[in-house]
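Shown next, in structure tokens, is the structure this report addresses.
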Amino acid sequence: MRLADEIPIVGWREWVGLPDLGVDPIKAKIDSGARTSAIHAFRERVTYEKGAPHVSFMVRPGQRGKAAPIECIAEIRDEREIKSSTGHKQVRYVIETGLSLGGRVWPIELTLADRDPMGFRMLLGRQAIRGRCLIDTSHSYLDGLNYADITSSRASKRKSP
């Protein structure tokens with residue numbers, strides 16, 4: 001059996017979910033050049049639950065700001081200095097959360113960052129996909145999720161009581 005038969009192939013961008021955070025779906029750029037995964041987060045606030053540091057933050061899954069922001073909370077696993085693609089260093093909170101892609105869910109580390117000026121709200125780095133996916137850089141959305149289905153699902157969620 002070939003490796004490609006066992007490991008799902010994803011495109012250079014995919015719709016993914018973060019079920020532990022209630023964020024589903026969000027468009028992510030699959031970037032094997034980036035070590036760590038990142039999500040655009042704002043209004044970060046540190047709290048303590050049973051003595052453990054947590055961070056509450058807002059995520060806006062849509063690129064154009066039409067969808068309502070989602071409030072998330074997660075335990076802080078670490079604070080790390082991350083170097084951006086432009087060489088800028090920044091200390092970021094690191095959380096662990098489940099990632100849903102290709103019908104599978106697995107835990108990943110995710111840094112909270114200001115990605116507002118970037119083209120994608122989420123960046124999926126090589127640590128998150130190592131041994132779990134192969135990237136076909138010539139295609140997008142190989143997971144089979146349809147943008148029209150996603151946007152109509154979001155619209156129906158906003159209308160329901």
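Throughout the sequence shown, residue numbering follows my numbering, covering 1 to 161 in sequence.
Glycine included, C-beta positions come from ideal geometry on N, C-alpha and C.
- A distance of 8 Å or more separates the beta carbons of Met58 and Glu79.
- Looking at Ala74, Cys133, Arg77, Tyr93, the one whose alpha-carbon comes closest to that of Asp114 is Tyr93.
- Counting the other CB atoms within 10 Å of its CB gives Arg60 a total of 16 or more, which places it among the buried residues.
- For Asp78, the pairing in a beta bridge is given by DSSP as Val94.
- A distance of 8 Å or more separates the beta carbons of Leu101 and Ile7.
- Under DSSP, Met58 forms a beta bridge with Phe42, Glu71.
- In the three-state reduction of the DSSP assignment, Asp24 falls in the strand class.
- Counting C-beta atoms within 10 angstroms of its own C-beta, Ala68 has fewer than 16 neighbours from the protein chains shown and is therefore classed as exposed.
- Excluding five sequence positions before and after Arg35, the CB atoms of its chain that fall closer than 7 Å to its own CB belong to Gly125, Arg126, Gln127, given in chain order.
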